[in-house]
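K.L.:
Per my numbering, residue -4 is the first one in the sequence shown, and the count goes up by one each step.
Backbone N, C-alpha and C define an ideal beta-carbon position, used for all residues, glycine too.
Bear in mind the structure is a predicted one, so any value in this text is a computation, not a measurement.
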Amino acid sequence: MIKIVEAGKIMGIDVLDHIIITKNKVFSFKGEKLI
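Take a look at the structure:
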């Protein structure tokens, strides 16, 4: 499990996805099955 999900659990927040958007690309942790 990645650290952002662990941090969310400590704060009582469900992290459904983490998305990084750049000028030419979009990266979804859920899309890559990392969450």
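Any idea what DSSP makes of residue 14, helix, strand or coil?
P.N.:
Indexing the sequence shown from 1 puts residue 14 at position 19. DSSP places residue 14 in strand when its eight states are reduced to three.
K.L.:
Since residue 3 contacts residue 12 with CB under 8 angstroms, what's their CB separation in whole angstroms?
P.N.:
Along the sequence shown, one-based indexing puts residue 3 at 8. Along the sequence shown, one-based indexing puts residue 12 at 17. Contact flag wrong, Cβ pair sits at about 11 angstroms.
K.L.:
Excluding the five sequence neighbours on either side, which residues of its own chain have a C-beta within less than 7 angstroms of the C-beta of residue 29, listed in chain order?
P.N.:
Here the question's residue 29 lines up with position 34 in the sequence shown. Counting only Cβ-Cβ distances below 7 angstroms, and skipping sequence neighbours, we find -3.
K.L.:
Using the C-alpha atoms, what's the distance from residue -1 back to residue 7?
P.N.:
Locating residue 7 in the sequence shown gives position 12, where the first residue counts as 1. Locating residue -1 in the sequence shown gives position 4, where the first residue counts as 1. Looking at the two C-alpha atoms, the distance is approximately 12 angstroms.
K.L.:
I'd like to confirm the pairing. Which residues does DSSP put opposite residue 22 in its beta bridges?
P.N.:
Counted from its first residue, the sequence shown places residue 22 at position 27. Beta-bridge pairing links residue 22 to 15.
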